[in-house]
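Engineer: This is the structure, below, for whatever I ask next.
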Amino acid sequence: MKTLATGKVVKAFGNLLHIAFEGNIRQGEVAMIDLDGISLKGEVIEIIGDVVKLQVFEDTRGVRFGTHVEFSTHLLEAELGPGLLTSIFDGLQNPLEQIANATGLFLTRGTYLPALDYKRHWDYHPTCQIGDVLCRGEEIG
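In our numbering, the protein residues as written are 2 to 142.
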């Protein structure tokens, strides 16, 4: 079982945090800042020895020296699939309509929802076969 890397805030400049960490991390890795039961999402943007610079995507009010940070081992990524073109998202790919239904018109810190609706089923009818050679822009289904 892989152990997650952890760290503590040593400096804060607005939404840029410096985190002293233990363990293995990668640039672009997602980290969660534990702020009294609220988890704020951030991304590792630079690694210098045993300190990383972490860009936090939300208001960092309340973050202070020693605040706990846990690194996820996952890189920041966008999820692709059916239904994306009919939704509106924020920069972290949270579906804004579902967030408004869950929290009201004002976004609550630490609220993250899946980009895709996994309960909805989509019909797929392939128009090509395994082994077909395709050109750019050709329909696959």
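Built from N, CA and C at the ideal position, the CB exists for glycine as well.
Since the model is a prediction, treat every value here as computed from it, not as a measurement.
Counting C-beta neighbours from all protein chains within 10 Å, is the total for F72 16 or more, i.e. buried, or is it exposed?
Structural biologist: That one is buried.
Engineer: Can you list, in chain order, the stretches of the alpha helix (DSSP H) that have 4 or more residues and sit fully within the stretch 94-123?
Structural biologist: Complete alpha helix (DSSP H) runs here, min 4: 97-104.
Engineer: Under a Cβ-count criterion, where at least 16 other Cβ atoms within 10 Å of its own Cβ denotes burial, should T109 be classed as buried or exposed?
Structural biologist: Answer is exposed; the Cβ neighbour count stays below 16.
Engineer: Within its chain, find whatever has a CB closer than 6 angstroms to the CB of I46; leave out the 5 residues flanking it on each side and keep chain order.
Structural biologist: K54, Q56, listed in sequence order.
Engineer: Expressed to the nearest angstrom, what Euclidean distance is found between the alpha-carbon atoms of Y125 and G82?
Structural biologist: Answer to the nearest angstrom: the Cα atoms are 12 angstroms apart.
Engineer: At 3 residues or longer, and completely inside the stretch 64-96: list those beta strand (DSSP E) runs for me, N to C.
Structural biologist: Listed in chain order, the complete beta strand (DSSP E) runs (minimum 3 residues) inside the stretch 64-96 are 69-76.
Engineer: Would the stretch 17-34 and the stretch 79-96 be scored as touching if the rule is three or more Cβ pairs under 8 angstroms?
Structural biologist: As far as the Cβ criterion goes, the stretch 17-34 does not touch the stretch 79-96, which means the pair count is below three.
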